[in-house]
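Reviewing the structure listed below.
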Amino acid sequence: MVSRVIPVDPFDLVIFGATGDLARRKILPGLYRRFCDGQMPPEARIIGAARTEQDNAAFAEQVREAIETFLPAKKRDPKGLKAFLERLSYVAVDAHGEAGWEDLRATMRDNVVQAFYFSVAPALFGVLAERLHHFEIARKDARIVVEKPFGRDLGTARELNATLAAHFDEAQIYRIDHYLGKETVQNLMAVRFGNTLFEPLWNAQYVDHVQITVAEEVGVGGRGAYYDKSGAMRDMVQNHLMQLLCLTAMEPPARFEPDAVRDEKLKVIRALDPVAPVDIVRGQYRASGDHASYLEDAEAEVSRTESFIAMKIHVSNWRWNRTPFYLRTGKRLRSRKSEIVIHFKETPHSIFDADAGNRANVLSIRLQPDEGIDLRVTIKEPGPGGMRLIDVPLDMSFADALGPEVADVPDAYERLIMDVIRGNQTLFMRGDEVEAAWAWTDPIIAAWEARGDRPVPYHAGSSGPEEAAILMHRDNRRWREI
Ligand code: BG6
Numbered sequence: 079m080v081s082r083v084i085p086v087d088p089f090d091l092v093i094f095g096a097t098g099d100l101a102r103r104k105i106l107p108g109l110y111r112r113f114c115d116g117q118m119p120p121e122a123r124i125i126g127a128a129r130t131e132q133d134n135a136a137f138a139e140q141v142r143e144a145i146e147t148f149l150p151a152k153k154r155d156p157k158g159l160k161a162f163l164e165r166l167s168y169v170a171v172d173a174h175g176e177a178g179w180e181d182l183r184a185t186m187r188d189n190v191v192q193a194f195y196f197s198v199a200p201a202l203f204g205v206l207a208e209r210l211h212h213f214e215i216a217r218k219d220a221r222i223v224v225e226k227p228f229g230r231d232l233g234t235a236r237e238l239n240a241t242l243a244a245h246f247d248e249a250q251i252y253r254i255d256h257y258l259g260k261e262t263v264q265n266l267m268a269v270r271f272g273n274t275l276f277e278p279l280w281n282a283q284y285v286d287h288v289q290i291t292v293a294e295e296v297g298v299g300g301r302g303a304y305y306d307k308s309g310a311m312r313d314m315v316q317n318h319l320m321q322l323l324c325l326t327a328m329e330p331p332a333r334f335e336p337d338a339v340r341d342e343k344l345k346v347i348r349a350l351d352p353v354a355p356v357d358i359v360r361g362q363y364r365a366s367g368d369h370a371s372y373l374e375d376a377e378a379e380v381s382r383t384e385s386f387i388a389m390k391i392h393v394s395n396w397r398w399n400r401t402p403f404y405l406r407t408g409k410r411l412r413s414r415k416s417e418i419v420i421h422f423k424e425t426p427h428s429i430f431d432a433d434a435g436n437r438a439n440v441l442s443i444r445l446q447p448d449e450g451i452d453l454r455v456t457i458k459e460p461g462p463g464g465m466r467l468i469d470v471p472l473d474m475s476f477a478d479a480l481g482p483e484v485a486d487v488p489d490a491y492e493r494l495i496m497d498v499i500r501g502n503q504t505l506f507m508r509g510d511e512v513e514a515a516w517a518w519t520d521p522i523i524a525a526w527e528a529r530g531d532r533p534v535p536y537h538a539g540s541s542g543p544e545e546a547a548i549l550m551h552r553d554n555r556r557w558r559e560i
């Protein structure tokens, strides 16, 4: 399979925070990959901006080192690297002062797409927006890119939205949730809306329940200070899992266009019922085997922050009436596994003997690792001995079906940055979506705080706390294996 690469228009992309962690790990290596793939036209330019005083050559050297550190050798092309580094320049700017801004303005060209990536702490979003405006650097059609965390509750998210809105229109603002850039997440929309097979069954009449899991093997070591103030609810559920839920539960948009898709996602969030405390399990990992505990990783003596969460939620509308969605995410679990799984109902009546077994179809959409789609269907167990039913997978690993190059598809950041340049907001969160997600999340967190809720322990390297299994058993259901 050879994917088609359509070059984007020439652009000036300014990365604020260009010497920071995200820029080094994701943004710059991602841009380099797009360059090597021929997606970036020769006139494209990337301008690093940060506080550190350094010249273009020193910045280029830093970027080379970042690419060599964060991209495996097989994803690097030494010839392309030199040409890519020639696209880079650097301007030292003082976010709170005057220094550097005139230089930045002098660097920008007319007649090319203009984008500013705020790869900085949210506290600086407003300051940068104001400086770009004050020095008349950003044009009316400039795009700005911001990252999570987009607020820590509804109040702060509203403030951030208002700060950005003071200088930019909503159509200029690209709020990244990198889960929306993942290949299989977009495939979920292709599966739902590109086939006649699934959509008629995609509702409460045929779906028994849905499980959405984002399990991680990593702990919080190295970023404990940030994580301990967030926890799984703010770090993963309010954004990534919410987006997966929206794409799974939304009505078909009239067109695959930014506002059509985002309107439908917003309706899902607004249709979420409040969650009862009995339907939520919060966990925190304990030391086990070679793994340290959450408290050691977070360098905290005590903490009530959850590193795991499992919950049962309801989307209160006609399509999903009484169909539970079970969400689960955690750190330091047995393996890294993310999937969306649709468990269909059993057939309404079995024509076979009771001991033949009655099975239900299961459609799983694997985000990582080994992206793919698997549909379990019931067949007769081969051989003599009467009619016994078994379920077998109709498994499509993308790598098997589409060839090994599929492992080389652009990663989420690469795709999303190119969408910014193309001016396509479909895979970005709109301000009202983010606020609606916080409006649903806030009372849950407030209730924990009011009760002094403590997370239950689970062993590092396990599948999470026993209480999460009980949450399912209560409903006569089981989690999928992690
Ligand atoms: C980030 C979270 O947004 O997503 C991290 O802050 C998490 O805690 C990460 O580890 C997971 O992303 P991915 O792409 O590795 O699944």
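Here the numbering used here is used: the first residue of the sequence shown is 79, the next is one more, and so on.
Beta carbons: idealized from backbone N, C-alpha and C, even for Gly.
Could you check the C-alpha separation between Met267 and Gln132 for me, to the nearest Å?
Taking the straight line joining both Cα atoms gives about 45 Å.
Answer yes or no: do Gly542 and Leu411 have a C-beta to C-beta separation smaller than 8 Å?
Cβ atoms of Gly542 and Leu411: closer than 8 Å.
Should Tyr363 go down as buried or exposed, given a rule of 16 or more other Cβ atoms within 10 Å for buried?
Buried: at least 16 other Cβ atoms inside 10 Å.
Please state whether the Cβ-Cβ distance between Leu166 and Ile145 is less than 8 Å.
No, Cβ-Cβ distance for Leu166 and Ile145 is not below 8 Å.
Is Asp90 helix, strand or coil when you go by DSSP?
Reduced to three states, the DSSP call for Asp90 is strand.
I'd like the list of long-range same chain contacts for Trp280, defined as Cβ closer than 7 Å, with 5 residues on each side in sequence excluded.
Around Trp280: Arg270.
Could you give the DSSP three-state label for Phe386: helix, strand or coil?
Here Phe386 sits in strand by DSSP.
For Phe196, name the three-state secondary structure that DSSP assigns.
It is a strand residue.
Along the chain, where does the beta strand (DSSP E) containing His211 start, and where does it finish?
Note, His211: premise wrong, no beta strand (DSSP E); alpha helix (DSSP H) at 203-212.
In terms of alpha-carbon separation, which member of Glu449, Ala524, Trp526 lies closest to Asp489?
Among Glu449, Ala524, Trp526, the Cα nearest to that of Asp489 is on Glu449.
Helix, strand or coil for Val380? Go by DSSP, reduced to three states.
It is coil, neither helix nor strand.
Note down, in chain order, each residue of its chain lying with its Cβ closer than 6 Å to the Cβ of Val190, except the 5 sequence neighbours on either side.
Cβ within range, chain order: Pro88, Phe89, Asp90.
Opposite Thr291 in the DSSP bridges: which residues?
Paired residues: Arg406, Glu417.
Taking DSSP as the reference, what is the three-state secondary structure of Lys260?
Coil at Lys260, not helix or strand.
Across which residues does DSSP place Leu472 in a beta bridge pair?
According to DSSP, Leu472 bridges with Leu453.
Looking at the ligand BG6, does it come within less than 7 Å of Ser416, judged from the CB to the closest heavy atom?
The answer is yes for Ser416.
Looking at the unbroken alpha helix (DSSP H) that takes in Asn134, where does it start and where does it end?
Per DSSP, Asn134 belongs to the alpha helix (DSSP H) from 134-148.
Using only the alpha-carbon positions, how far apart do Glu545 and Val359 sit?
Going from the Cα of Glu545 to the Cα of Val359 covers about 7 Å.
Check whether the Cβ of Val86 lies closer than 7 Å to any heavy atom of the ligand BG6, and answer yes or no.
No, the Cβ of Val86 stays beyond 7 Å of every heavy atom of the ligand BG6.
From the DSSP output, in three-state form, read off Pro521 for me.
Correct three-state label for Pro521: helix.
Given that a residue counts as buried once 16 or more other Cβ atoms are within 10 Å of its Cβ, and exposed if not, what is Ala199?
Classification for Ala199: exposed.
Provide the residue span of the beta strand (DSSP E) that contains Ile251, from first to last.
Note, Ile251: beta strand (DSSP E), 251-253.
With a threshold of 7 Å (Cβ to nearest heavy atom), would Glu294 be considered close to the ligand BG6?
True, at least one ligand heavy atom lies under 7 Å from that Cβ.
Can you tell me the Cβ-Cβ gap for Phe162 and Phe203, rounded? I've got them flagged as a contact below 8 Å.
Going by Cβ atoms, the distance from Phe162 to Phe203 rounds to 28 Å, so no, they are not a contact pair.
CB Arg508 to CB Glu248, shorter than 8 Å?
Yes, Cβ-Cβ distance for Arg508 and Glu248 is below 8 Å.
So who's on the other strand from Leu166, going by DSSP bridges?
For Leu166, which the question treats as bridged, DSSP gives the partners Ile124.
Less than 7 Å separating the Cβ of His256 from some heavy atom of the ligand BG6?
Yes; taking the cut-off as 7 Å, the Cβ of His256 has a heavy atom of the ligand BG6 nearer than that.
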